[in-house]
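Asker: Taken in order, these protein sequences are the chains called A and B.
Using UniProt numbering, you'd call the opening residue of the first sequence number 1 and step up by one each time.
Using UniProt numbering, you'd call the opening residue of the second sequence number 1 and step up by one each time.
In this text, a Cβ means the ideal position worked out from N, Cα and C, and glycines have one as well.
Handing you this structure, nothing more for now.
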Amino acid sequence: MIRTKTILAATTATMLAGPALAQTEVVWWDFLAGGDGVRMKALIEEFNEEHPDINITATTLEWGIPFYTKVRTSAAVGEGPDIMTYHLSRIPLALEEGVLSPITDDDLEAAGLSTDDFFPSAVDAASGPDGTLYAVPFDIHSIVLYYNKSYLEGTEFLDDNGELTGIDSLEDFNRALEVAEENGSENPLSFQTGGEGGVWRVFYTLLGQQGGQLIEDGEVLPGDNTEKATRALEIMRDWREAGWIPEQAEYEASVALFTSGQSAFHMNGVWEVPTMTDMAAQDTLGFEWGAVQVPTLLDETATWADSHAFAIPVQGEDEMSEEKRDAVMTVIGWMNRNSIGWADAGHIPAYVPTTQSDAYQSMEPNATYASLADTAFFDPRSEIAGVASPVYDTALNIMIPSIHGFFPPEEAVAQLKDELEGAMD
Amino acid sequence: MATKNKTLRRNLIALSLIAPFTLTFLLVFAWPTYKVIQLSFTDAPLIGAGEWVGLDNYRDLLGDRLFWIALKNNGYFLLLTIIPTTAIALAIALAVNRLKGWVQALILAVFFLPYILPVSVVTLIWAWMLDFQFGILQPVIEFFVGERVAVFRDPYWVMPMIAVVTIWWTNGFNVLLFLAGLRNIPQELYEAAALDGATPRQKFLRVTWPLLWPVTALVLTLQLILQLKLFDQVYLLSQGGPFNTSQVLLLLVYREAFQQNDGGYASAVALVLFVIIMVVSILQFQLLRIRGKR
């Protein structure tokens, strides 16, 4: 009797699950918990609706070291996801850990993509030293210069259309800060001066604008790169001494300084664009704003950049079935072709056709700063660099105290070299 | 024959009774400890096995500037916490002991409350109170030193402030221990002392303090072990900065293992810390016992 019942129940269950049997389950992990996470969930939902044969089950984990530790441990025993988001700055570390399954040409074909569809800088960042592709780029995100027009009205720094203009050197920029200060802006340039993220991004931008490299041929700041790094720190220290950047501002405080109308300029990631757009739409911002690519203050045009990408972790000892791999690549292809939904989060889609589309070209200020993708200056390709790496630690540990005058930039750079070289071996 | 059977049965029962503990102990303590020792002689990554490298990790350790800085900071933190927390706990316990009834329970609860908070909550509370731009404690600091201080970004303030947070957080437990010790001192001794005309000072020095010594020794030793294992507060408040003034050994272990994937080297540091804690705490406890017997 009991047996009959069980069989009946099982049969019913199978019948109910019938249509779902043909579905391929794709397990998805990401670290997108903020405003961009909401946009990503919308994309996933849309995908699931359009694809009855594939179902994405998504989980959001904590950004940074917790995410990457979990990926490594789970991939080692084959319990990882089928697809995950990954920072391209972490690729060298990923190769050392051996957690990523290479993306082959067949894979790309299954996704309907080719490497020519992406910004070359992103493809470079996603490849190993031998040119093997380990991830499919999804976006390029960088810092931009936000500005508050009310402090610049009637000065030479706003053109007839009310756009920022006339900043072609450090002197110009410093003068603009001075003018803004005279017009009542207390800390005319706000960025996260008390946390590693903000300080690192600005420092690396200034280093890149001098043509400098943090790590070259396995050496930290070789040759005249030391002087360039010192110069970058000096510029930041001078800003602090002049009172132009806030003292020890945490991330939220640095954003608040700008949105509350105290700071005339704000250097921060493109991911804050939705914040400004939303506030302006709700009339809570209280001033006209704009955002541009960080101007060329030194010798070259360059801005720190990182990239979100999709990667497939190794499955322990096993191989992913061909059917599943096709499904995963379908997901990756679809996401890139629909990345206009992701551009809404401020990020620049790495998929060039999206950035060339009319829909994107009419998005402001996104279309204005999209030019930075061509001169994106990615984190050093080293296993000590990237999100949550020793390099980020030195920003907190050494750069911040130096900017705030605890010890001179030369000494800070010497310490930084010492510490990073120690971390390398 | 019958006796033999009986002994066997008794032994089996005894074995089955201690088995759950022994097995758990072997599984979650002895085995990992063995693995750490083994790993520390290899160049293993965080996951998986590595090559045998002999004493290389330990040799590197001796030449690692960060290791020595961390060791020094651990020592500094001990100085900042152990004696102050013990003295404060004793003072609070003496005061609470004079109270009666529900007032005593209430006051004790107030002092014990921070102890039940998770460390992340504790550090959040203090980070907010000490926030450079908006913290409610900044005016207090401004009043005493003349300017605002970003305490967790300042090389001179960072360790003392972490010590303050730690003492505030963990002191309730020490108060409880002292209070239990105080209640174990027979009331007659105080009555006898009073009859002999002892002053309150003499009562404390001749009766309370000597009889409380075993508890004091226990508190000191527990604190020593606990404070050597400092990690959470530093990780959450200052991440070892600025320029390594709050770098401690466990943070070094964490960075090596989880950030840089050096399981072998991290194991070596962890093992050194383990040995330091063991040696220092045994030494201290023995020393304190000798003092107590005198």
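Is it a yes or a no for the region 331 to 340 of chain A touching the region 136 to 145 of chain A, going by three-plus beta-carbon pairs under 8 Å?
Answerer: Yes, the region 331 to 340 of chain A is in contact with the region 136 to 145 of chain A.
Asker: In this structure, what does DSSP give as the bridge partners for V207/B?
Answerer: Beta-bridge pairing links V207/B to no other residue.
Asker: How would you list, in chain order, the residues of chain B whose beta-carbon sits under 8 Å from the beta-carbon of I65/A?
Answerer: In chain order: F258, Q259.
Asker: My understanding is that A150/B touches G194/A, with C-beta atoms under 8 Å, so please give their C-beta distance in whole angstroms.
Answerer: Yes, they are in contact, since the Cβ atoms of A150/B and G194/A sit about 6 Å apart, within 8 Å.
Asker: Short of 8 Å in beta carbon distance, which residues of its chain neighbour R206/B, apart from the five on each side in sequence? Order them along the chain.
Answerer: Here the set comprises A193, A198.
Asker: Based on DSSP bridge pairs, tell me the residues matched to P313/A.
Answerer: Answer is L100/A, bridged to P313/A.
Asker: Which residues of the region 42 to 62 of chain B have a Cβ closer than 9 Å to any Cβ of chain A? Give them in chain order.
Answerer: Cβ contacts with chain A come from P45, L46, I47, G48, D60.
Asker: Would you mind telling me which residues of chain A sit closer than 9 Å to A150/B, beta carbon to beta carbon, in chain order?
Answerer: Those are G194, E247, Q248, H404, listed as they occur along chain A.
Asker: How would you label N11/B, buried or exposed, when you count the other beta carbons within 10 angstroms and need 16 or more for buried?
Answerer: Burial call: exposed.
Asker: Indicate whether F287/A and S150/A have their beta-carbon atoms separated by less than 8 Å.
Answerer: The answer is yes: Cβ separation under 8 Å.
Asker: If you check the beta carbons only, do F152/B and S238/B fall under 8 Å apart?
Answerer: Yes, these two residues count as a Cβ contact at 8 Å.
Asker: Compute the distance between the beta-carbons of L297/A and L100/A, then report whether it is under 8 Å.
Answerer: No, the Cβ-Cβ distance between L297/A and L100/A is not below 8 Å.
Asker: Suppose the cutoff is 6 Å on Cβ atoms and the five residues either side in sequence are ignored; what does the same chain contact list for Q213/A look like?
Answerer: For Q213/A, where only same-chain residues beyond five positions count, the Cβ hits under 6 Å are N225.
Asker: List, from N- to C-terminal side, the beta strand (DSSP E) runs of 3 residues or more that fit wholly inside the region 318 to 400 of chain A.
Answerer: Here the runs fully enclosed are 376 to 378.
Asker: Using alpha carbons as the reference points, say which of L230/B, K35/B, V253/B, I13/B lies closest to A49/B.
Answerer: Ranking the options by Cα distance to A49/B, first place goes to K35/B.
Asker: Could you pull the DSSP bridge partners for G290/A from this structure?
Answerer: Partner(s): Y147/A.
Asker: State the beta-bridge partners of D306/A as determined by DSSP.
Answerer: In DSSP, D306/A forms a bridge with H141/A.
Asker: Flag this pair as yes or no: are the beta carbons of F111/B and G172/B separated by less than 8 Å?
Answerer: Yes, Cβ-Cβ distance for F111/B and G172/B is below 8 Å.
Asker: Helix, strand or coil for I56/A? Go by DSSP, reduced to three states.
Answerer: The answer is strand: DSSP assigns I56/A an E or B state.
Asker: Is any beta-carbon of chain B found at less than 8 Å from that of E421/A?
Answerer: No, E421/A does not count as interfacial toward chain B.
Asker: Starting from the C-beta of A180/A, find all residues in its chain whose C-beta is less than 6 Å away, skip the five residues before and the five after it, and write them out in chain order.
Answerer: If we look at A180/A and ignore the five residues flanking it on each side, its Cβ neighbours are Y151, P188, A264.
Asker: Measure the Cβ-Cβ separation of D379/A and A388/A and say whether it is below 8 Å.
Answerer: No, the pair does not count as a contact, with Cβ atoms beyond the cut-off.
Asker: Which residues in chain A have a C-beta closer than 9 Å to the C-beta of G240/B? List them in chain order.
Answerer: Going along chain A in sequence order, the residues near G240/B (Cβ under 9 Å) are D393, L396, N397.
Asker: With burial defined as no fewer than 16 other Cβ atoms inside 10 Å of the residue's Cβ, what is the status of E383/A: buried or exposed?
Answerer: With 16 or more other Cβ atoms within 10 Å, it is buried.
Asker: Would you mind telling me which residues of chain B sit closer than 9 Å to S389/A, beta carbon to beta carbon, in chain order?
Answerer: Here the neighbours are Q259, Q260.
Asker: Answer yes or no: does any C-beta atom of chain A fall closer than 8 Å to that of P160/B?
Answerer: Answer no: the Cβ-Cβ gap between P160/B and chain A never drops below 8 Å.
Asker: Could you give the distance in angstroms between the alpha-carbon of T284/A and the alpha-carbon of P274/A?
Answerer: Whole-angstrom Cα-Cα distance: 13 Å.
Asker: Is D30/A buried or exposed, if buried means 16 or more other CB atoms sit within 10 Å of its CB?
Answerer: Under this definition D30/A is a buried residue.
Asker: Quick check on T415/A - is its C-beta less than 8 Å from some C-beta in chain B?
Answerer: The sequence given here places Gln at residue 415/A; Thr does not occur at that position. Q415/A counts as touching chain B.
Asker: Under DSSP, the alpha helix (DSSP H) around T73/A begins and ends at which residues?
Answerer: Start and end: 65 to 76.
Asker: A20/A CB to nearest chain B CB: under 8 Å?
Answerer: Only weak support exists for where A20/A lies, its pLDDT of 47 falling under 50; the coordinates are left without a value.
Asker: Determine the chain B residues that contact T259/A at a beta-carbon separation under 9 Å, and present them in chain order.
Answerer: Those do not exist, as T259/A stays about 14 Å from chain B at its closest Cβ, beyond 9 Å.
Asker: Is any beta-carbon of chain A found at less than 8 Å from that of P118/B?
Answerer: It does not: the Cβ of P118/B has no partner Cβ on chain A nearer than 8 Å.
Asker: Taking only beta-carbon positions, decide if P409/A is within less than 8 Å of chain B.
Answerer: So, not an interface residue.
Asker: Measuring only the C-alpha atoms, how far is V38/A from T60/A?
Answerer: Cα to Cα, V38/A sits roughly 11 Å from T60/A.
Asker: Compare the C-beta of F77/B with all C-beta atoms of chain A and state if any pair is closer than 8 Å.
Answerer: Judged by the 8 Å Cβ criterion, F77/B is not in contact with chain A.
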